Each structure stands twice: as structure tokens, then as C-alpha cells.
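Participant: Going by the UniProt record's numbering, the sequence shown opens with residue 1, and the numbers climb by one from there. We put the CB at the ideal spot given by N, CA and C, even for glycine. Being a predicted model, the structure only gives us computed values, none of them experimental. Attaching a single structure in C-alpha cells format; questions to follow.
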Amino acid sequence: MHLPEFALAHSRTSLGSSTNKMEVAKVEKQNTHSYPVTASRLYPWLVILDCKQGQRQTFFDVSKNHYQTKNIPEMCNKLIYGCSHGWLVLVDPNSMDCYLWNPISLEKAQLPSLESVNYSGCILSSSPSDPECHILFFNRLENSLLVCQKGDFEFNKQVVIFAEDVDLKNFAMVGKTIYCLASRYTLYTAEVVGRTVQFTRLIVEELPWPSPLDLPRFEAFYVESCGELFLVHMMFFGFRMEEVYGFFVFRMDFEEKRWVKVKSIGDRTIFLSQHNKTGCMYSLATELGIKTNSIYFTMNSQRLLYVFDLESLCTPSSRNIVIPYREVDFIWRGERGVVHLPEFALAHSRTSLGSSTNKMEVAKVEKQNTHSYPVTASRLYPWLVILDCKQGQRQTFFDVSKNHYQTKNIPEMCNKLIYACSHGWLVLVDPDPDSMDCYLWNPISLEKAQLPSLESTDYQGCILSSSPSDPECHILFFNRLDNSLLVCQKGDLEFNKQVGIFAEDVHLWNFAMVGKTIYCLTLEYTLYTAEFVGRTVQFTRIIMEKLPRPSPLDLPKFDAFIVESCGELFLVHMMFFGFRMEEVYGFFVFRMDFEEKRWVKVKSIGDRTIFLSQHNGTGCMYSLATDLGIKTNSIYFTMNGQRLLYVFDLESLCISKSLPCSTVSRDLEQYWVMI
1 MHLPEFALAH SRTSLGSSTN KMEVAKVEKQ NTHSYPVTAS RLYPWLVILD
51 CKQGQRQTFF DVSKNHYQTK NIPEMCNKLI YGCSHGWLVL VDPNSMDCYL
101 WNPISLEKAQ LPSLESVNYS GCILSSSPSD PECHILFFNR LENSLLVCQK
151 GDFEFNKQVV IFAEDVDLKN FAMVGKTIYC LASRYTLYTA EVVGRTVQFT
201 RLIVEELPWP SPLDLPRFEA FYVESCGELF LVHMMFFGFR MEEVYGFFVF
251 RMDFEEKRWV KVKSIGDRTI FLSQHNKTGC MYSLATELGI KTNSIYFTMN
301 SQRLLYVFDL ESLCTPSSRN IVIPYREVDF IWRGERGVVH LPEFALAHSR
351 TSLGSSTNKM EVAKVEKQNT HSYPVTASRL YPWLVILDCK QGQRQTFFDV
401 SKNHYQTKNI PEMCNKLIYA CSHGWLVLVD PDPDSMDCYL WNPISLEKAQ
451 LPSLESTDYQ GCILSSSPSD PECHILFFNR LDNSLLVCQK GDLEFNKQVG
501 IFAEDVHLWN FAMVGKTIYC LTLEYTLYTA EFVGRTVQFT RIIMEKLPRP
551 SPLDLPKFDA FIVESCGELF LVHMMFFGFR MEEVYGFFVF RMDFEEKRWV
601 KVKSIGDRTI FLSQHNGTGC MYSLATDLGI KTNSIYFTMN GQRLLYVFDL
651 ESLCISKSLP CSTVSRDLEQ YWVMI
């Protein structure tokens, strides 16, 4: 089966900045109480409502890459429920007070108060200047509507709106016709009769499920453009299904009464807001600097603006709007205009979205005996070993060069976790708390050496001082939570436990070998050498200065790896962002200058490639020939609870993604193993 090279990437960032701070957009000097510039109405504003500073509204111009910060009285502490015919529908989230407001004429029209925050969608049947205009609020949770006109004191509530068993999704206007999108992407027209709405089903056939089968979560948007109606299908993936996988766009063929997939929208651009499930679409001139044939979108509780390119099927750039708080609402507003925003890049590389099957390509499986050991002739780069925790008998060996995998049932590895790979040996541990059986195993010679059982699953890191064939070899397990070590040698019946390992108030983080020297990295990025004296370890600090914090200030979460290559020691600083701080923002790489005894940032690692596993915090680094098909000057990495393999390009600062094996469950562990 063919594996997916679906690529959702992470585009250029300000990572290379010497200050390590995000650039902040230049603010035009304007009266903060004035209204934003509205001369040009070719494309919408991105309006940012800061929920912690309700008086403030930020208007971002996607063409000029500027923003204006305002304190407009009518918009203070209000949410934007709709934007239609130049009017805004504004709602106070506390009192549920609701009114129409025109930011050009400054006219205001009071509406009845909403009965519930669940009425989060709104559409106007025509301009509020039209006496026949109806304002319609809809509740997706219970399939109900609230309908009123200007001057009404209360809404008319309509609960049973469909004869069929379908769920309301969204509304859109095409000309003077209101269209309603329901579940399974069926389509209805909506006609207001008095204070009620009558629905007529337009599409009888359901749209076949567009997403790959293992991507259950999606969202649907409805946009009109030049008299045409479009459906935008947004797909999610990841451990919590919160990362955007990509989009499909469909056009309504009113003659055939069916949705038709389109690969291009030409000179048009789609703008989407996840917050209130609204969108709009405009034909734009290329000189505006806005990407056409693309989708600009925002995500709940994120300050980033994403751009998905429908031609390359990637997110080549996103702009990080630098504001103090994360509690913001993003709304695309139908007027236009201004502060220089950072070109931070979270990209999403090439995908298989254009595939007619809508399925991920799956890596080719080599026909081999599943009980045999994997091919070990080439040792230029590591295997990615995937242990399926739901099928503990099975191990999958993925070759990053050939894009092939082999599935094995190796007895010594069944139901075991890989704690380390060193000198051709694996340190294997039974994760069952009642067992914690632990041993060394050589997959080439098939030699096995029993070790004492671990006392706790908290000892998740391991390093060998030399080859287990060496009688002086020490095996060291470390616990990051309480700064403790377990040390033994082959043949020992129990570990020697060492608790107070540092004189200073620092936290143990990782180990690496350079030649015959063991180096220990602390969470503060200070560095120690570790020397075995009997069954204990003595630490000597070699870096006195702490490394200044590499990450931007609003990215508190990070991870650290140390890897050896050609006698050099490298520190890899991994940064996270997002609502739960679980998405990878990017990496910095530092080289240890042993003469100066300090970390030196490097922008390139040349023909070398770094391989990282988040599960056990291990990594390795190799010089590779370009004809192997492995990206050099890059970082290959895996994430906890995810089946994807990521590649971060240190030159372009982009992240691409692929799926090594679609047959493993999401309950898995992934390791880089050199055998």
C-alpha cells in the first residue's frame, strides 16, 4: 500500500532573529477612538477582539501587513455575530444585548436580546435599510432559529425546522436566496414567511465522505462569490484532532443539483473564521499582495493567521499577530485596512489532497518473514522503529530513505519499550509495573544480557558508558522528575541508586556520549561531565554561564535534546505553541564550543541530519549522502501519541509531515534505532 506524503508545513519564521523575539507590526499613528480606514473595500479586515481587554479592537490589513488598534465605543465588550451589507451584528456576551451597527453611517438599530449563547450564527436576508429585512440567528446544537425584524421587541423561535433527520450546519446568501447547509452536506433553500422560515430541499443526494477515513473530525463553511456557492471542507488530524490537515473546496452545480469538487478557485481568495464558522470569498488583483487561489483562516484561541495554498496544497506562511493575550476572537469583516505584522511561518507542506481516492499513500511493504530480523546491511542512518502498544507482539521498521516498512514479530522485542540504542545494542524494558524486566539485546549477534529490574517507570532515560562487550561498561538510567540515577554493570543483581547528584540547584535533563566522555545537560542548559567511580557517578560542571532563553517570551514550553556527531556535541532546542502548547513552533540548534565553554547557535548543520524521538527524549545525528533521499540540514522527529513523521528544514524553517505506516494504532511509541 502507498504511504501518504501529506504535508502540512510550517513556513518561515523569525527564528533566525538575533534577538529571538517576534517582530511586532508597526502601528500607524491614528486616533484610537476613530473608526478604521474604509476607503478600499476589495477585501475584508481581520478584526481581533481581545477578550481580556474588551475596550480594544485590532483591525489587521492582510494586504498591507499593518494593523490599527482602536477603542470604538459601539464595539467595546461586544462579539461580532455577523457582517452583511456593510452592517455588523453585535452581541454583548454577558447581557446578550444585541443590535445592528453600521460603521460607515454610524447608524444603530436595537434588536431583541438573545436567549442563549448557543445562538452563535447569524444571517441577514437583505440590507437592514430594506424594511423587509429579516435577521435570523441559528443554534446548531438544537436545530433552532430566532427570527426578527428591525423594531421587534422579541424573537420568534422556530424549533423543528427540518422534516428530515438532519442537522443544521450553516447559512449563506446567493443573490436574494438564502441557502442552508445541513448534515451530510445536503442543501436547502430558506424562505422567510412572516416570522417563520420554510425550508425546501435542493440536493437529494448526499455528498460522499470527502476526508480520508481516519480523519473523523471536520468543519464546513459556506461562501458565496460572483453568484456561485462554495462549500469548504476543513479537515483535522493529530492526537486531539486539533491540527488542520487540509481543505477540499466544492462548487454547487445548480443545474445538476450536486456538489462538484474544484482544484482551483483562480484569482479568488477565501477568508474563514473558525470562531463563528463564517467565511467570505473575493476576486483579488495579484498586486494587492494577498495570495489568490488560497484560503486565509484563523483558529480558536490562537493568535496566528494561516494561509492554505490550493495549488501546492500547503500552508506556506502564517502571520503571528503579536498581542499580549491569547483570549481573542478573529472575525473577517467586510470593510478594509493597517501595523506591520511578523512573517512568522508555520507551514504545511505538500499533501495528497489532489488524489482522486482521497486516501493517504501508504509505504510499500517489503515481502519478508515477519519473524526474521530487519535488514541491517546499511548502517548509514537509523531505522524508525514503531511499537504498537495495542498489538505488543508487532514491531514496524520504517526506512526513511526507501520509504518502505517491514512489520515484524521479534520475540525479544514483544511487549517491550526501547530505552536506549548504543553500540549496536538495545536496552529493552517491560513496561508492566509488576515486571519492569530489563535487559540488553544485540539484534545482530542475538546476544542477551539480563539487568536488574527497574524500580519505577519514571526512569525513562538511559545511556551506556561503552559497548556492553567491554567489562567496564556501566548502564545508567536517569529520572528527570527527582534528579536520581540507577547504575549497574552486566551481571549485577541490583542497581545502585544515587539521589543527590548535583551540588547546584539544577535539574537533570539529558545525557550524550562524545568519544569516551559522558556529558549531562541540565534543564538550565548548563553542561556537566559524568565520570563513573565504582557504582556512583561524579559530575563536573564545564559551563558556568546559563544559556539565555532561546524561545520567544510567549512560548514557555520547550524540549531539549543533545546529540553527538563527528566528535562534536549539539544542543537541539524544540519549541511549542498553540492552545495547549502541543504544536511544534520550530527548533534552534547550538554547538558546544569546548574551548570557550559555551553554546554557539548554528544556522546550518550542512550535510548532516538529526533524528529525534519525543517519547524518550533521545536523538542522533549523521552525515548523509544526498542520493539517499534523506533531507540533510534537517531534523526528523516524532511526537508522543502521533503516527506522523515530521521533517524540519533548517534552511527554509518549514515542517513537512508524512505517515510511515497506516496500519499501526494511535497508541504507539516511536524510536530511532541504529542497527
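So, ARG251 versus PHE221, is the Cβ gap smaller than 8 angstroms?
Facilitator: The residue you call residue 251 lines up with position 251 of the sequence shown. The residue you call residue 221 lines up with position 221 of the sequence shown. Going by C-beta atoms, ARG251 is not nearer than 8 angstroms to PHE221.
Participant: Nearest-angstrom Cα distance between ASN71 and ILE80?
Facilitator: Residue mapping note: residue 71 aligns to position 71 of the sequence shown, counting from 1. Residue mapping note: residue 80 aligns to position 80 of the sequence shown, counting from 1. Each residue's Cα considered, the two are about 15 angstroms apart.
Participant: Do you know offhand how far THR186's Cα is from VAL572's?
Facilitator: If you number the sequence shown from 1, residue 186 lands on position 186. If you number the sequence shown from 1, residue 572 lands on position 572. Whole-angstrom Cα-Cα distance: 50 angstroms.
Participant: Pick from SER623, GLN450 and ASP434: whose alpha carbon is nearest that of ARG608?
Facilitator: Position 608 of the sequence shown, counted from the first residue, corresponds to residue 608. When only C-alpha atoms are compared, the closest one is SER623.
Participant: When the Cα atoms are used, what is the spatial distance from LEU353 to CYS661?
Facilitator: Locating residue 353 in the sequence shown gives position 353, counting from the first residue. Locating residue 661 in the sequence shown gives position 661, counting from the first residue. Caution applies to LEU353, whose pLDDT of 30 falls short of 50 and renders its modelled position unreliable; the value that the coordinates give is listed next. So the alpha carbons of these two residues sit roughly 18 angstroms apart.
Participant: Compare the beta carbon distance of TYR43 and ILE290 with 8 angstroms and say whether it is the shorter of the two.
Facilitator: Position 43 of the sequence shown, counted from the first residue, corresponds to residue 43. Position 290 of the sequence shown, counted from the first residue, corresponds to residue 290. Yes, the Cβ-Cβ distance between TYR43 and ILE290 is below 8 angstroms.
Participant: Short of 7 angstroms in beta carbon distance, which residues of its chain neighbour ASN442, apart from the five on each side in sequence? Order them along the chain.
Facilitator: Numbered from its first residue, the sequence shown carries residue 442 at position 442. So the list reads GLY424 and TRP425, once near-sequence residues are dropped.
Participant: What does the alpha-carbon distance come out to for the pair ASP253 and GLU191?
Facilitator: Counting from 1 along the sequence shown, the entry for residue 253 is found at position 253. Counting from 1 along the sequence shown, the entry for residue 191 is found at position 191. Roughly 20 angstroms between the two C-alpha positions.
Participant: Rounded to whole angstroms, what is the Cα-Cα separation between LEU440 and PHE511?
Facilitator: In the sequence shown, residue 440 corresponds to position 440, counting from 1. In the sequence shown, residue 511 corresponds to position 511, counting from 1. When rounded, the distance between both Cα atoms is 19 angstroms.
Participant: Contact between the stretch 474–490 and the stretch 541–555: three or more CB pairs below 8 angstroms?
Facilitator: Verdict: no, contact absent.
Participant: Could you tell me which whole beta strand (DSSP E) segments of length 3 or greater appear in the stretch 187–254?
Facilitator: Counting only runs of 3 or more, we get 187–193, 196–201, 218–225, 228–237 and 243–253.
Participant: Do LEU451 and ASN483 have their CB atoms nearer than 8 angstroms?
Facilitator: Along the sequence shown, one-based indexing puts residue 451 at 451. Along the sequence shown, one-based indexing puts residue 483 at 483. Result no, Cβ atoms of LEU451 and ASN483 do not sit closer than 8 angstroms.
Participant: In angstroms with no decimal places, state the Cα-to-Cα distance between MET234 and PHE271.
Facilitator: The residue given as residue 234 occupies position 234 in the sequence shown. The residue given as residue 271 occupies position 271 in the sequence shown. For MET234 and PHE271, the distance between alpha carbons rounds to 13 angstroms.
Participant: So, are the CB atoms of ILE48 and GLY82 less than 8 angstroms apart?
Facilitator: One-based indexing of the sequence shown puts residue 48 at position 48. One-based indexing of the sequence shown puts residue 82 at position 82. Not a contact, by the Cβ cut-off of 8 angstroms.
Participant: At the level of alpha carbons, what is the spacing between ILE610 and GLY641?
Facilitator: Start at 1 with the first residue of the sequence shown, and residue 610 comes out as number 610. Start at 1 with the first residue of the sequence shown, and residue 641 comes out as number 641. Cα-Cα distance, rounded: 21 angstroms.
Participant: Starting from CYS520, follow the beta strand (DSSP E) in both directions and report where the run begins and ends.
Facilitator: By one-based count along the sequence shown, residue 520 stands at place 520. Segment 517–522, the beta strand (DSSP E) holding CYS520.
Participant: Assign ASN139 to one of two classes, buried (16 or more other C-beta atoms within 10 Å of its C-beta) or exposed (fewer than that).
Facilitator: Position 139 of the sequence shown, counting from 1, holds the residue named residue 139. Classification for ASN139: buried.
Participant: Measure from the alpha carbon of ILE178 to the alpha carbon of each residue in GLY500, HIS615, ILE543 and ILE135, then state which is nearest.
Facilitator: Numbered from its first residue, the sequence shown carries residue 178 at position 178. Nearest C-alpha to ILE178: ILE135.
Participant: Grab the span of the beta strand (DSSP E) containing VAL661 for me, first residue to last.
Facilitator: Numbered from 1 along the sequence shown, position 661 holds the residue referred to as residue 661. Note that residue 661 is Cys in the sequence shown here, rather than Val. No beta strand (DSSP E) contains CYS661, which DSSP labels as neither H nor E.
Participant: Buried or exposed for CYS566, going by 16 or more other Cβ atoms inside 10 Å?
Facilitator: One-based indexing of the sequence shown puts residue 566 at position 566. Exposed, by the Cβ-count rule.
Participant: Could you tell me which residues DSSP puts in a beta bridge with ILE386?
Facilitator: To locate residue 386, count along the sequence shown from 1; it is residue 386. BP columns for ILE386 point to THR396 and GLN670.
Participant: Short of 6 angstroms in beta carbon distance, which residues of its chain neighbour GLU243, apart from the five on each side in sequence? Order them along the chain.
Facilitator: The count along the sequence shown starts at 1 and reaches residue 243 at position 243. For GLU243, where only same-chain residues beyond five positions count, the Cβ hits under 6 angstroms are PHE237.
Participant: Looking at C-alpha atoms only, which residue of TYR188, GLY151 and GLN158 is the closest neighbour of GLU164?
Facilitator: Translated into positions along the sequence shown, residue 164 becomes position 164. Selected option, being the one with the closest Cα: TYR188.
Participant: Which residues mark the beginning and the end of the beta strand (DSSP E) in which MET436 is found?
Facilitator: In the sequence shown, counting from the first residue as 1, residue 436 sits at position 436. Neither: MET436 is in no beta strand (DSSP E) and is coded neither H nor E.
Participant: Along the chain, where does the beta strand (DSSP E) that runs through THR536 open and close?
Facilitator: Here residue 536 corresponds to residue number 536 of the sequence shown, with the count starting at 1. Per DSSP, THR536 belongs to the beta strand (DSSP E) from 536–541.
Participant: Alpha carbon to alpha carbon, how far is GLU327 from ARG580?
Facilitator: Against the sequence shown, residue 327 aligns to sequence position 327. Against the sequence shown, residue 580 aligns to sequence position 580. Residue placement at GLU327 is flagged as unreliable, the pLDDT there being 39, under the threshold of 50; the coordinate-derived value follows with that caveat. Rounded to the nearest angstrom, the two C-alpha atoms are 13 angstroms apart.
Participant: Can you list, in chain order, the residues of its chain whose CB lies under 6 angstroms from that of LEU141, leaving out five sequence neighbours each side?
Facilitator: Taking the first residue of the sequence shown as 1, we reach residue 141 at position 141. Closer than 6 angstroms at Cβ, skipping near neighbours: ASN118.
Participant: When the distance is taken between beta carbons, is LYS497 closer than 8 angstroms to LEU486?
Facilitator: As a working mapping, residue 486 is identified with position 486 in the sequence shown. As a working mapping, residue 497 is identified with position 497 in the sequence shown. Yes, these two residues count as a Cβ contact at 8 angstroms.
Participant: Inspect the beta-carbon positions of LEU380 and PHE398 and report whether they are closer than 8 angstroms.
Facilitator: Locating residue 380 in the sequence shown gives position 380, counting from the first residue. Locating residue 398 in the sequence shown gives position 398, counting from the first residue. Cβ atoms of LEU380 and PHE398: not closer than 8 angstroms.
Participant: Is the beta carbon of LEU145 less than 8 angstroms from the beta carbon of PHE153?
Facilitator: Taking the first residue of the sequence shown as 1, we reach residue 145 at position 145. Taking the first residue of the sequence shown as 1, we reach residue 153 at position 153. For LEU145 and PHE153, no; Cβs fall outside 8 angstroms.
Participant: Whole angstroms is fine: what's the gap from HIS275's alpha carbon to SER120's?
Facilitator: Position 275 of the sequence shown holds residue 275. Position 120 of the sequence shown holds residue 120. Cα-Cα distance, rounded: 9 angstroms.
Participant: Could you check if LEU446 is buried or exposed, using at least 16 other CB atoms within 10 Å of its CB as the buried criterion?
Facilitator: On the sequence shown, residue 446 is found 446 positions in, with the first residue counted as 1. Flag for LEU446 reads exposed.
Participant: Check whether the Cβ atoms of CYS133 and LYS108 sit closer than 8 angstroms, and answer yes or no.
Facilitator: For the purposes of this step, residue 133 is taken as residue 133 along the sequence shown, with counting starting at 1. For the purposes of this step, residue 108 is taken as residue 108 along the sequence shown, with counting starting at 1. Result no, Cβ atoms of CYS133 and LYS108 do not sit closer than 8 angstroms.
Participant: I think SER453 touches CYS438, with their Cβ atoms under 8 angstroms apart; what is that distance to the nearest whole Å?
Facilitator: Within the sequence shown, the letter at position 453 stands for residue 453. Within the sequence shown, the letter at position 438 stands for residue 438. That pair is a contact at about 6 angstroms.
Participant: Helix, strand or coil for GLU494 per DSSP?
Facilitator: Position 494 of the sequence shown, counted from the start, is the residue given in the question as residue 494. Correct three-state label for GLU494: coil.
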